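Taken in order, these protein sequences are the chains called D and Z. Counting from 1, position 112 in the first sequence corresponds to residue 112 in the numbering used here; the numbering is continuous, with no gaps. Counting from 1, position 144 in the second sequence corresponds to residue 144 in the numbering used here; the numbering is continuous, with no gaps. Note sheet for the following structure.
Number of protein chains: 2
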Amino acid sequence: MKDFPLSKAYQLIEPGPVVLLTTRHDGKANVMTMSWHMMMEFTPPRIACIVSGADYSFIALAKTEECVIAIPSVEIAEKVVAAGNCSGRDIDKFAEIGLTPLPAAKVSAPLIAECFANLECKVVDQDFVERYNLFVLEVVKAWHDPARPSPKTIHHKGYGTFAVDGEDITLDSKMP
Amino acid sequence: MKDFPLSKAYQLIEPGPVVLLTTRHDGKANVMTMSWHMMMEFTPPRIACIVSGADYSFIALAKTEECVIAIPSVEIAEKVVAAGNCSGRDIDKFAEIGLTPLPAAKVSAPLIAECFANLECKVVDQDFVERYNLFVLEVVKAWHDPARPSPKTIHHKGYGTFAVDGEDITLDSKMP
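Here it is, written out as structure tokens:
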């Protein structure tokens, strides 16, 4: 994993990929699958996400206020779905599913070696948690794997069906 | 446009497509391009989105508390980018760009005929607008074009580059 500019973090999240969210609480790392997230601000890069109170990760996220958003490509789609099909209450998902935790630089939650990008995040606002389970995150460090410049992400369309990235097109846009 | 079940609205938004957001204020319809949105709740279908105070649509959305999220496919990608490259302050975007407004059922903002799906929305919470420009929407009526069952959406990766949906894959998921 190599350093990735924070100012470009939105280019990873804005397209709506399914991501993995890691946490570490009481020494125990966990990972969940997540599609309900969005960019909120370019600088500092801020991300909103929904983590249900029913998810085992909820308490870890709320208490430690740290997490990693790890972005998988289609090659590990089966592991991504597997992470969504079980709970960290019952098992060590990293060991069971075959995901490799790596130490992060600024948060206790682990990076995931198999993901082409990892965003270290701190929870900066929980005011919408009670009402909507909405956490506001700030990306404090970003990593990517330069060996995989054009990863194909997956986008959940419901009930285990995912659109895989196809071709890229570029149009003359004034938008960053 | 045919009726589409509200309970499945998330299947349109969760994959992270670039969308068009329409409003109508003081009799004038407008449309903007938007990628910063996410599902918040299945039932009622709730969507969060960021609309900058610098966007001309901001006042219309905040004052009328109504909008339509229209979902385009790749065939009209140039129109989607064009809608993001200009402001409704200066022109009638529908006429200039060649988008056809259609009357909605429950909101004053128009549907867009060229989009394969349209979600009529009401703003239900502005408590995070001042802090983050974050609007909470509830989908009150959904439409889709049954003539286009497998539209390819586009996902913004920054500076006018978009990933176009490729193939679908289906895995054995417990997630809705």
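Don't be surprised by glycine CBs; every beta carbon is placed ideally from N, CA and C. Quick caveat: nothing in here was measured; it's all calculated off a predicted structure.
Own chain partners of residue i with C-beta closer than 8 Å, once the 5 adjacent residues on each side are dropped
| i | result |
| --- | --- |
| residue 163 of chain D | 154, 155, 157 |
| residue 132 of chain D | 50 |
| residue 25 of chain D | 59, 60, 63, 64 |
| residue 27 of chain D | none |
| residue 81 of chain D | 33, 160 |
| residue 148 of chain Z | 73, 116 |
| residue 5 of chain Z | 142 |
Inter-residue CB distance, residue i and residue j (contact presumed, cutoff 8 Å)
| i | j | result |
| --- | --- | --- |
| residue 48 of chain D | residue 142 of chain D | Going by Cβ atoms, the distance from residue 48 of chain D to residue 142 of chain D rounds to 17 Å, so no, they are not a contact pair. |
| residue 84 of chain Z | residue 173 of chain D | 6 Å |
| residue 137 of chain D | residue 121 of chain D | 4 Å |
| residue 98 of chain D | residue 79 of chain D | 6 Å |
| residue 30 of chain D | residue 57 of chain D | 6 Å |
| residue 125 of chain D | residue 166 of chain Z | With a Cβ gap of about 36 Å, residue 125 of chain D and residue 166 of chain Z do not count as contacting. |
| residue 42 of chain Z | residue 146 of chain Z | That belief does not hold up - the Cβ atoms of residue 42 of chain Z and residue 146 of chain Z are roughly 23 Å apart, past 8 Å. |
| residue 104 of chain Z | residue 169 of chain D | That belief does not hold up - the Cβ atoms of residue 104 of chain Z and residue 169 of chain D are roughly 30 Å apart, past 8 Å. |
| residue 128 of chain Z | residue 128 of chain D | 6 Å |
Paired residues, beta bridge with residue i - DSSP
| i | result |
| --- | --- |
| residue 125 of chain D | D:136 |
| residue 119 of chain D | D:69, D:142 |
| residue 49 of chain Z | Z:37, Z:135 |
| residue 85 of chain D | According to DSSP, which records beta bridges pairwise, residue 85 of chain D is partnered with nothing at all. |
| residue 22 of chain Z | Z:31, Z:68 |
| residue 2 of chain Z | Z:144 |
| residue 164 of chain D | D:154 |
| residue 101 of chain Z | Z:112 |
| residue 170 of chain Z | D:161 |
Cutoff 6 Å; reference residue i; Cβ partners in own chain excluding five residues on either side
| i | result |
| --- | --- |
| residue 17 of chain Z | 71, 153 |
| residue 14 of chain D | 39 |
| residue 118 of chain Z | 68, 70, 111, 143 |
| residue 3 of chain Z | none |
| residue 140 of chain Z | 106, 120, 122 |
| residue 101 of chain D | 29, 94, 110 |
| residue 89 of chain D | 56 |
| residue 23 of chain Z | 30, 57, 60, 61, 67, 109 |
| residue 35 of chain Z | 18, 156 |
Within chain D, partners of residue i - CB distance below 7 Å
| i | result |
| --- | --- |
| residue 173 of chain Z | 81, 84, 85, 159, 160 |
| residue 35 of chain Z | 14 |
| residue 128 of chain Z | 128 |
| residue 146 of chain Z | Residues of chain D passing the Cβ test: none, with the nearest at roughly 17 Å. |
Residues that residue i contacts on chain Z, provided the C-beta gap is smaller than 8 Å
| i | result |
| --- | --- |
| residue 168 of chain D | 157, 161, 162, 163, 164 |
| residue 103 of chain D | Within 8 Å Cβ-Cβ: nothing; residue 103 of chain D doesn't reach chain Z, min ~29 Å. |
| residue 110 of chain D | Residues of chain Z passing the Cβ test: none, with the nearest at roughly 23 Å. |
Contacts that residue i makes with chain D (C-beta to C-beta distance below 8 Å)
| i | result |
| --- | --- |
| residue 176 of chain Z | 158, 159 |
| residue 77 of chain Z | 169, 171 |
Contacting residues, own chain, Cβ-Cβ under 7 Å from residue i (five flanking each side not counted)
| i | result |
| --- | --- |
| residue 55 of chain Z | 32 |
| residue 37 of chain D | 13, 19, 47, 48, 49 |
| residue 113 of chain D | 100, 102 |
| residue 96 of chain D | none |
Proximal residues of chain Z, C-beta to C-beta of residue i below 9 Å
| i | result |
| --- | --- |
| residue 42 of chain D | In chain order: nothing, as chain Z lies at least about 10 Å away. |
| residue 97 of chain D | Within chain Z, no residue comes near residue 97 of chain D; the closest Cβ sits about 13 Å away, beyond 9 Å. |
| residue 65 of chain D | By Cβ distance, chain Z contributes nothing, its closest Cβ being about 18 Å from residue 65 of chain D, past 9 Å. |
| residue 180 of chain D | Examination of residue 180 of chain D is not possible in this model, given that chain D is present from 1 through 176 alone. |
| residue 132 of chain D | 40, 41, 46, 48, 125, 136 |
| residue 5 of chain D | Result: empty, since nearest Cβ-Cβ is about 12 Å, beyond 9 Å. |
Residue i: contacting residues in chain Z (beta-carbon distance under 7 Å)
| i | result |
| --- | --- |
| residue 39 of chain D | 36 |
| residue 69 of chain D | Result: empty, since nearest Cβ-Cβ is about 13 Å, beyond 7 Å. |
| residue 149 of chain D | Under the 7 Å cutoff, chain Z gives no residues; its nearest Cβ is about 12 Å from residue 149 of chain D. |
| residue 72 of chain D | Neighbours of residue 72 of chain D on chain Z: none; closest Cβ ~13 Å, over 7 Å. |
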